[in-house]
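See below for the structure under consideration.
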Amino acid sequence: MLHINGQFLRPSTEYRTLAILEELAEDNTLSQSQLGERTGLSGAMVNHYLKDLRDRNILDVRPLNARSNEYVLTAQGERLRRDLFADYCAEIVRSYTALKQLVHRKLAGLERDGRRRLVFFGASETCEIALSAVRAMNLTVLALLDNNPAKHGEVLAGHTIFPPRVIESIGCDAIVVTSFGQADDILKQVRPLAETRNIPVVRL
12 MLHINGQFLR
22 PSTEYRTLAI
32 LEELAEDNTL
42 SQSQLGERTG
52 LSGAMVNHYL
62 KDLRDRNILD
72 VRPLNARSNE
82 YVLTAQGERL
92 RRDLFADYCA
102 EIVRSYTALK
112 QLVHRKLAGL
122 ERDGRRRLVF
132 FGASETCEIA
142 LSAVRAMNLT
152 VLALLDNNPA
162 KHGEVLAGHT
172 IFPPRVIESI
182 GCDAIVVTSF
192 GQADDILKQV
202 RPLAETRNIP
212 VVRL
């Protein structure tokens, strides 16, 4: 199941086509309402896309019974599915690379200043990208912290997640806030310690 829906990444015609083809490749007996639920499309939109795909010889519509059909990808439809999926993956990789480069630029100042021993605070998807970026830099992540007790003891990209209290015993050169959603709360939480130790706090 493919999902993209946000302020900057919005579903395109190609994306919706791929979403429908992926679902039908997995189960060609899905009803239009089931397709709508799985792809996040309205019934009218699903109907529009199915008609268009049938007219373009992408789908072969075959009656199952008096009330339902099966939607079988033709050879042309399977080629289109593969091509769209390849383009989709390439675009995701480009977005990941761009975000990784952005994180690299954010951390480059610490590297230049010789502040190489870091604590990451916020075990999120953003943190995972930041950990990947750090591997290409002369920086070391001493600890990965998170406020969520359910995450403590788990491992993210090779780093065990610890509760925030362990920061008191860590001699780090900087604290990096690696959570977008909780950034303001984390900044308030670490600011007293950072000011006492005279270490910077970097927000991604």
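Mapping the sequence shown onto the numbering used here, position 67 (from 1) lands on 78, and the numbers just tick up by one. Beta carbons: idealized from backbone N, C-alpha and C, even for Gly.
For arginine 73, which residues from the same chain have a beta carbon less than 7 Å from its beta carbon, with the 5 sequence-adjacent residues on both sides left out? Along the sequence shown, read from residue 1 onward, the residue named residue 73 stands at position 62. Taken in chain order, the residues that qualify are Asn80, Glu81 and Val83.
Suppose the cutoff is 7 Å on Cβ atoms and the five residues either side in sequence are ignored; what does the same chain contact list for alanine 194 look like? The sequence position of residue 194 within the sequence shown is 183, counting from 1. Cβ within range, chain order: Val188 and Arg214.
Asparagine 58 by DSSP, collapsed to three states: which one? Taking the sequence shown and counting its residues from 1, the one referred to as residue 58 is at position 47. Helix, per DSSP.
Which residues mark the beginning and the end of the alpha helix (DSSP H) in which alanine 154 is found? One-based indexing of the sequence shown puts residue 154 at position 143. Here alanine 154 belongs to no alpha helix (DSSP H); instead the beta strand (DSSP E) covers 151 to 156.
Alpha carbon of valine 212 to alpha carbon of alanine 185, nearest angstrom: Counting from 1 along the sequence shown, the entry for residue 212 is found at position 201. Counting from 1 along the sequence shown, the entry for residue 185 is found at position 174. Taking the straight line from one Cα to the other gives about 6 Å.
Quick check on the burial criterion: 16 or more other C-beta atoms within 10 angstroms. Buried or exposed for arginine 92? On the sequence shown, residue 92 is found 81 positions in, with the first residue counted as 1. Buried, by the Cβ-count rule.
Using DSSP's beta-bridge definition, name the partner residues of proline 74. As a working mapping, residue 74 is identified with position 63 in the sequence shown. Bridge partners of proline 74: Asn80.
Give me the residue from Asn39, Leu46 and His59 with the minimum Cα distance to aspartate 71. For the purposes of this step, residue 71 is taken as residue 60 along the sequence shown, with counting starting at 1. Residue Asn39 is the option with its Cα nearest to aspartate 71.
Just the C-alpha distance for lysine 199 and proline 22, rounded to the nearest angstrom, thanks. Position 188 of the sequence shown, counting from 1, holds the residue named residue 199. Position 11 of the sequence shown, counting from 1, holds the residue named residue 22. In a straight line, the C-alpha of lysine 199 is about 36 Å away from that of proline 22.
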